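Chemist:
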DNA sequence: CCTCGGTTGTGCTG
DNA sequence: CAGCACAACCGAGG
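Structure (structure tokens):
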């Protein structure tokens with residue numbers, strides 16, 4: 001009918017990018033393009049981090065802009081808060097539909113609830129698509145009886161029961177209807193991808209891993225060029241101290257911003273597994289790594305205050321010290337020891353790439369501090385033994401990233417303060433002069449803190465329930 | 001109530 | 001290089 005085609009042809013839609021910075025497997029983009037006369041691809045985010053992390057985002061936006069330009073459109077980067085910007089563009093562009101990818105992080109949830117309200121007031125239909133995670137985490141929780149599983153084993157069983165995640169969405173059309181000309185809020189001069197200077201940084205970024213969908217897909221292809229490696233991947237066998245050629249795919253920062261779709265990654269894995277029946281299994285397999293991400297997103301999205309200790313029901317309440325001096329020493333790398341970051345050695349490479357999912361970061365801190373998921377608090381990593389015995393006896397990683405220690409004999413490189421003064425002088429690294437003295441004695445503090453953890457666990461049992469209280473009194 | 005098992009502990013002893 | 005002390009963990013599933 002004429003009226004139907006006229007109203008369908010008049011559809012004006014906005015596709016709002018926050019994460020999901022890609023055109024492949026993007027159901028929100030597909031929906032926005034369906035029967036649309038004009039599609040406004042916008043980016044708005046209040047992401048505030050250090051310059052290197054921000055630059056990864058800017059590179060991703062430039063890549064996304066290029067993808068839209070190749071389809072006859074362009075990305076509009078809107079300045080300002082979504083609560084102010086969105087109502088304005090709804091009116092000015094005559095938008096009938098707002099499409100975006102579901103984001104379950106606390107900040108995003110609150111923001112999107114307000115945006116749903118504003119869209120309703122403006123008569124704009126909201127279409128929110130699950131595509132950041134493999135599954136709809138609400139469905140997973142429902143299938144698990146209303147609460148998220150708390151062990152990786154039970155989570156893996158759950159996804160086995162649910163079956164394969166949805167396949168990636170089809171590619172977007174080769175031509176996307178561009179914004180209508182002459183719209184002030186879409187002014188090309190005011191909506192271009194900013195530079196790092198424009199965002200307010202004064203120090204130039206140092207790029208290690210380039211951001212963007214193009215680079216993400218290139219990295220994915222590079223990893224899958226060796227299907228045997230993919231099929232035989234076992235995380236505990238990967239060396240976190242490897243830096244010349246990383247032992248893992250280094251795809252996680254691309255997954256965080258959605259430059260790479262987890263569903264595409266998963267589908268590619270299943271294709272390899274079909275050809276290599278003797279592939280490894282979760283939790284250690286490459287698919288297992290995607291399931292870890294999914295696990296933490298599922299627990300994170302359905303646990304109040306997941307990114308905090310207080311008010312977080314799965315987190316042990318532990319009276320941590322707040323020692324500003326130690327904290328600053330750690331932050332500024334003046335501890336004199338190589339202290340582990342979350343995910344142990346992987347944390348050190350994270351430090352280099354500095355792009356980590358919010359929930360995964362929170363989960364790893366809880367894991368490592370025996371606050372949740374992992375509770376054998378008496379198994380404490382030694383910053384010396386871990387690298388020295390397990391992954392990097394020669395200290396190549398240290399020599400590369402702490403050049404002051406590059407001539408220190410391997411015997412002392414993990415504990416330079418134990419080297420005789422003559423050895424320190426010959427290596428050009430005298431502890432207390434060229435290199436900070438250790439701020440604490442690991443052996444002593446580790447023992448003391450284990451005892452304090454035992455005390456904290458006992459206190460938590462009292463809080464946990466009447467059984468615990470009775471046990472304490474008995 | 002019970003058992004099982006957990007992606008990666010350390011350090012000493014024999 | 002295996003075995004064990006450390007100090008006694010906790011969610012899932014039966």
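Numbering (the UniProt record's numbering), first residue to last: 1 to 474.
Every residue gets a Cβ at the ideal spot worked out from N, C-alpha and C, and that includes glycine.
The structure presented is a predicted model; accordingly, all values stated were derived computationally and were not measured.
Taking only runs of the beta strand (DSSP E) that begin and end inside the UniProt region "Disordered" (162-191), which ones reach a length of at least 3 residues, in chain order?
Modeler: If we require 3 residues or more, the UniProt region "Disordered" (162-191) turns out to have no beta strand (DSSP E) run fully inside it.
Chemist: Let me know the secondary structure DSSP gives residue 127 once reduced to three states.
Modeler: Three-state result, residue 127: strand.
Chemist: Beta-carbon within less than 6 Å of residue 337's beta-carbon, same chain only, minus the 5 sequence neighbours each way: which residues are those?
Modeler: For residue 337, where only same-chain residues beyond five positions count, the Cβ hits under 6 Å are 383, 438.
Chemist: From which residue to which residue does the alpha helix (DSSP H) around residue 107 run?
Modeler: Taken as a continuous stretch (DSSP letters only), the alpha helix (DSSP H) holding residue 107 covers 106-121.
Chemist: Quick check on residue 276: does DSSP put it in helix, strand or coil?
Modeler: DSSP places residue 276 in coil when its eight states are reduced to three.
Chemist: Name the two residues that bound the continuous alpha helix (DSSP H) containing residue 405.
Modeler: No alpha helix (DSSP H) contains residue 405, which DSSP labels as neither H nor E.
Chemist: Specify, as a first and last residue, the run of the beta strand (DSSP E) that residue 16 falls within.
Modeler: Unbroken beta strand (DSSP E) run through residue 16: 11-17.
Chemist: According to DSSP, simplified to helix, strand and coil, what is residue 457?
Modeler: Of the three classes helix, strand and coil, the one that applies to residue 457 here is helix, per DSSP.
Chemist: May I ask you to list the residues that DSSP assigns as paired with residue 435?
Modeler: Its beta-bridge partners are 431.
Chemist: With H, G and I counted as helix, E and B as strand and the rest as coil, what does DSSP make of residue 378?
Modeler: Of the three classes helix, strand and coil, the one that applies to residue 378 here is coil, per DSSP.
Chemist: Quick one: which unbroken alpha helix (DSSP H) runs of 4-plus residues sit fully inside the segment 295-341? Chain order, please.
Modeler: For the segment 295-341, whole alpha helix (DSSP H) runs of length 4 or above, ordered along the chain, are 324-331.
Chemist: My output table needs one value for residue 76: the three-state DSSP class, helix, strand or coil.
Modeler: If DSSP states are grouped into helix, strand and coil, residue 76 belongs with the strands.
Chemist: Rounded to the nearest angstrom, what separates residue 199 and residue 191 at their Cα positions?
Modeler: Distance between the alpha carbons of residue 199 and residue 191: 13 Å.
Chemist: Can residue 313 and residue 152 be called in contact, C-beta distance under 8 Å?
Modeler: No, Cβ-Cβ distance for residue 313 and residue 152 is not below 8 Å.
Chemist: If you count every other CB in all the chains shown that lies within 10 Å of the CB of residue 366, and 16 or more means buried, which is it?
Modeler: Buried.
Chemist: Measuring alpha carbon to alpha carbon, tell me which residue in 436, 414, 408 is nearest residue 425.
Modeler: Checked all of 436, 414, 408; the closest Cα to residue 425 is 408.
Chemist: Nearer than 7 Å: is that true of the beta carbon of residue 161 relative to any heavy atom of the ligand COA?
Modeler: With respect to the ligand COA, the structure shown offers nothing to examine, as it has no ligands at all.
Chemist: If we count the other Cβ atoms within 10 Å of its Cβ and call it buried at 16 or more, is residue 470 buried or exposed?
Modeler: Confidence at residue 470 is low in this model, with a pLDDT of 35, below 50, so its placement is unreliable and the value that follows should be read with caution. Burial call: exposed.
Chemist: Mind checking residue 256: buried by the 16 CB within 10 Å criterion, or exposed?
Modeler: Residue 256 is buried by the Cβ-count criterion.
Chemist: Here's the rule I'm using: 16 or more other beta-carbon atoms within 10 Å means buried, otherwise exposed. How should residue 160 be labelled?
Modeler: Result: exposed.
Chemist: Decide if the segment 296-305 is in contact with the segment 136-152; the criterion is three or more beta carbon pairs, one per stretch, under 8 Å apart.
Modeler: Verdict: yes, contact present.
Chemist: Report the three-state DSSP secondary structure of residue 39 (helix, strand or coil).
Modeler: In the structure shown, residue 39 sits in a strand (DSSP, three-state: E or B).
Chemist: What are the boundary residues of the alpha helix (DSSP H) that residue 217 is part of?
Modeler: Residue 217 -> alpha helix (DSSP H) spans 213-224.
Chemist: So, under 8 Å CB-CB, residue 211 and residue 56 are touching, yes? Tell me the CB distance rounded to an integer number of Å.
Modeler: About 4 Å separates the two Cβ atoms, so the contact holds.
Chemist: Taking DSSP's pairing of strands, which residues face residue 99 in a bridge?
Modeler: DSSP lists 15, 127 as partners of residue 99.
Chemist: I need the DSSP call for residue 228, collapsed to helix, strand or coil.
Modeler: It is helical.
Chemist: For my contact list, residue 280 and residue 232 are in at a C-beta cut-off of 8 Å; report their separation, rounded to the angstrom.
Modeler: With a Cβ gap of about 6 Å, residue 280 and residue 232 count as contacting.
Chemist: What are the boundary residues of the alpha helix (DSSP H) that includes residue 479?
Modeler: The question about residue 479 has no answer here: the residues shown for the chain are numbered 1 through 474.
Chemist: Helix, strand or coil for residue 356 per DSSP?
Modeler: In the structure shown, residue 356 sits in coil (DSSP, three-state: anything other than H, G, I, E or B).
Chemist: Okay, do the segment 70-78 and the segment 159-176 touch, 3+ Cβ pairs below 8 Å being the bar?
Modeler: These segments touch.
Chemist: Exposed or buried, which one is residue 221 when buried takes at least 16 other CB atoms within 10 Å?
Modeler: The residue is exposed, with fewer than 16 neighbouring Cβ atoms inside 10 Å.
Chemist: I'd like to check one pair, residue 206 with residue 58: are the Cβ atoms closer than 8 Å?
Modeler: No.
Chemist: Assuming residue 97 contacts residue 124 (C-beta within less than 8 Å), just tell me the rounded distance between them.
Modeler: Confirmed, Cβ separation roughly 7 Å.
Chemist: Candidates 359, 396, 219, 404: which alpha carbon is nearest residue 103's?
Modeler: Residue 359 is the option with its Cα nearest to residue 103.
Chemist: How long is the line joining the alpha carbons of residue 353 and residue 209, rounded to whole angstroms?
Modeler: A caution first: residue 353 carries a pLDDT of 42, below 50, which makes its placement in the model too unreliable to give a value.
Chemist: Pick from 326, 79, 122, 243: whose alpha carbon is nearest that of residue 441?
Modeler: Looking at the Cα atoms, 326 is the closest of the given residues.
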